[in-house]
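Trainee: Residue numbers (my numbering): 9 to 572.
Take this structure, written in structure tokens, and hold onto it; I'll ask about it next.
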């Protein structure tokens, strides 16, 4: 009997099920079960469930204590396959895939719902997405054939499997929540912001800083309104384009210091203040909704709650349960290690396989021991620095690591020419891409012609086109590295999830290159070892046999803020 079954929830709480053969088609008649959870629980021999959407099915199973080993998410696979075929942005629902397969009119995807604090509901409204099992299986079988037509079929199959595993991890993390002390959070807010005023107005410290800013300008200024601040500076004879810190911190004016402090505290008050605490923390857990593969590069996002932008001072509220610990693991120098693996540059692979600091090793080879210069050069190659010392640094890097630099140069050229650009496993960046340089700016790489795109888009969204080919090229250069890193991270999470299932430990947080596991104190060292083993396995599965290592810096702490 096959260990792969298709499943379609019924609207009455039951389910249709059928075993699948090697061709992806039913190997036996469809079975109708009156209870979804009981149907899955009663088939422990099934190791992979094929269903329309993990977000539709898995939270319902988890609520009844049912965990599945593996799944295949048809709608997520459709998104990846459409991207690989140069059609990203077309409707990706199972209903849309079925209509394309049968040559009928393609329905639009249902709208994404807004985040609901504390909710444990699927991303799309369930009543808009029911597809009978026979139709799901027809779509699934066609997807298997489309995998065979991919540029690298086995890599593409691995990518869709990894992304489906990521969907399981996200659902389990949403269910578990991140341990959070509301009492500590309130204490931190009081220390930073002072007393709250009745009526929801600004707390005491913000009001004081607003008064200081106004006094410095000699008139009433609203520091929370950038246009008002820019106008005030202009009246003081100082021209600024924005109130971003990097632009105003060098200005010699008495309003600058209280303004910068106000902006920092204002963000905390708005994004993680008392209202946020009330909305998003319950039963000792912060409960955002993690969305695997939420951006074009495959990086995760959250639907509400701002889980991926927790300020360090607020991390003091992330506290392990009594007798438990947080194992916080941060990947070391992920970008250059991924670049070494995908470019197959012998020199960079040798450096990335050492136990020593990678940037220091690069600096010893190409930058006379200047680690800071080496780091800037490597990140400049990835992000496309084209001004200042960027060209000189890139030339030095190219002499020592020619294949690595050529790899990202080729990606940039393909992006500029409007061609499809793929990660190592096959995630695809479409040609008509708008790009931003926010990520490069955060890395300290100066940019000469940034192009704006909608916030949260990871630099690209379907239908948002840039007229700047160089900006598209910079994004493509970055995409092949960041996207391949996201592919590797999915396989890391899949392996770590399986390891945690064998012990009383829970994955509770993930962002880009950092993962947090909550576990009993006595299991902490076993979790540290599991992270190391999962990293090694993910490296081999993603990139094959290379000397490149993907080490983590790990910390076993009671409080997240103590990890760094």
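Here a beta-carbon is modelled for each residue, glycine too, at the ideal position from N, C-alpha and C.
With DSSP as the reference, label residue 553 as helix, strand or coil.
Mentor: Reduced to three states, the DSSP call for residue 553 is coil.
Trainee: When the Cα of residue 143 is compared with those of 82, 555, 529, 349, which residue comes out closest?
Mentor: Residue 82 is the option with its Cα nearest to residue 143.
Trainee: Are the Cβ atoms of residue 487 and residue 562 separated by less than 9 Å?
Mentor: Cβ distance not < 9 Å, so residue 487 and residue 562 don't count as in contact.
Trainee: Go ahead and pull the three-state DSSP assignment for residue 354.
Mentor: Residue state, collapsed to three classes: helix.
Trainee: Considering only their Cβ atoms, is the gap separating residue 168 from residue 2 smaller than 9 Å?
Mentor: No answer is possible for residue 2: the residues shown for the chain start at 9 and end at 572.
Trainee: Does the stretch 217 to 231 come within contact of the stretch 188 to 208, defined as at least 3 CB pairs closer than 8 Å?
Mentor: No, the stretch 217 to 231 does not touch the stretch 188 to 208.
Trainee: Take residue 345 as the anchor and find which of 335, 359, 338 has the nearest alpha-carbon.
Mentor: Comparing Cα-Cα distances from residue 345 to each of 335, 359, 338, the minimum goes to 359.
Trainee: Report the option in 61, 310, 226 whose CA atom is closest to the CA atom of residue 302.
Mentor: The residue with the shortest Cα to Cα distance from residue 302 is 310.
Trainee: Can you tell me which residues form a DSSP beta bridge with residue 335?
Mentor: Partner(s): 525, 564.
Trainee: Pick out whichever of 259, 325, 243 has its Cα sitting closest to the Cα of residue 571.
Mentor: For the residues 259, 325, 243, the minimum Cα distance to residue 571 belongs to 325.
Trainee: So, is the C-beta of residue 558 closer than 9 Å to a C-beta in chain C?
Mentor: In summary, chain C is missing from the structure at hand, where a single protein chain is found.
Trainee: For the alpha helix (DSSP H) containing residue 277, name the first residue and the last one.
Mentor: First-last of the alpha helix (DSSP H) with residue 277: 264 to 280.
Trainee: Whole-angstrom Cβ separation of residue 536 and residue 565, contact assumed at under 8 Å?
Mentor: Their Cβ separation, rounded to whole angstroms, is 12 Å, which puts residue 536 and residue 565 out of contact at 8 Å.
Trainee: Under three-state DSSP, which class holds residue 251?
Mentor: The answer is coil: DSSP assigns residue 251 none of H, G, I, E or B.
Trainee: When DSSP builds the beta bridges, which residues end up paired with residue 575?
Mentor: Nothing about residue 575 can be reported from this structure: the residues present for the chain run from 9 to 572 only.
Trainee: With H, G and I counted as helix, E and B as strand and the rest as coil, what does DSSP make of residue 514?
Mentor: Residue 514 falls in the strand class under three-state DSSP.
Trainee: Do you know how far the Cα of residue 438 is from the Cα of residue 114?
Mentor: Going from the Cα of residue 114 to the Cα of residue 438 covers about 21 Å.
Trainee: Does the separation of the CB atoms of residue 352 and residue 365 fall below 9 Å?
Mentor: No, they are not a contact pair.
Trainee: Please determine if the stretch 90 to 105 and the stretch 62 to 78 are in contact, where contact requires at least 3 C-beta pairs separated by less than 8 Å.
Mentor: No: the two stretches stay apart, fewer than three of their Cβ pairs being nearer than 8 Å.
Trainee: Identify which residue in 528, 521, 500, 497 has its Cα closest to the Cα of residue 511.
Mentor: That would be 528, whose Cα lies nearest to the Cα of residue 511.
Trainee: Going by C-alpha to C-alpha distance, which of 524, 478, 515, 434 sits closest to residue 491?
Mentor: It is 434 whose Cα lies nearest to the Cα of residue 491.
Trainee: Hey, residue 48 and residue 28: beta-carbon distance below 9 Å or not?
Mentor: Not a contact, by the Cβ cut-off of 9 Å.
Trainee: Is the beta carbon of residue 63 less than 9 Å from the beta carbon of residue 171?
Mentor: Against a cut-off of 9 Å, the Cβ pair of residue 171 and residue 63 comes out as no contact.
Trainee: According to DSSP, which residues form a beta bridge with residue 496?
Mentor: Per DSSP, none; premise fails for residue 496.
Trainee: Straight-line CA distance for residue 287 to residue 109?
Mentor: The straight-line gap from Cα to Cα measures roughly 43 Å.
Trainee: Look at the alpha carbon of residue 52 and the alpha carbon of residue 526, and state the distance between them as a whole number of angstroms.
Mentor: Distance between the alpha carbons of residue 52 and residue 526: 27 Å.
Trainee: Tell me the rounded alpha-carbon separation between residue 72 and residue 43.
Mentor: C-alpha separation (whole angstroms): 11 Å.
Trainee: When every heavy atom of the ligand FMN is checked, does at least one fall within less than 8 Å of the C-beta of residue 262?
Mentor: Questions concerning the ligand FMN fall outside what the structure shown contains, since it holds no ligand whatsoever.
Trainee: Measure the CB-CB distance between residue 263 and residue 298 and report whether it falls below 9 Å.
Mentor: No, Cβ-Cβ distance for residue 263 and residue 298 is not below 9 Å.
Trainee: Of the residues 419, 228, 192, which one's Cα is nearest the Cα of residue 280?
Mentor: Checking every option, the nearest Cα to that of residue 280 belongs to 192.
Trainee: Is the beta carbon of residue 423 less than 9 Å from the beta carbon of residue 480?
Mentor: The answer is yes: Cβ separation under 9 Å.
Trainee: Report yes if the CB atom of residue 342 is closer than 9 Å to the CB atom of residue 184, and no otherwise.
Mentor: No, these two residues do not count as a Cβ contact at 9 Å.
Trainee: Only counting the same chain, and skipping five residues up and downstream in sequence, which positions put a Cβ closer than 6 Å to that of residue 91?
Mentor: Closer than 6 Å at Cβ, skipping near neighbours: 436.
Trainee: Is residue 371 closer than 9 Å to residue 383 when the C-beta atoms are compared?
Mentor: In this structure, residue 371 lies closer than 9 Å to residue 383 by Cβ.
Trainee: Specify, as a first and last residue, the run of the alpha helix (DSSP H) that residue 238 falls within.
Mentor: 234 to 243 is the span of the alpha helix (DSSP H), which, as asked, contains residue 238.
Trainee: Relative to the C-alpha of residue 520, which residue among 307, 291, 146 is closest?
Mentor: Nearest of 307, 291, 146 to residue 520, Cα basis: 307.
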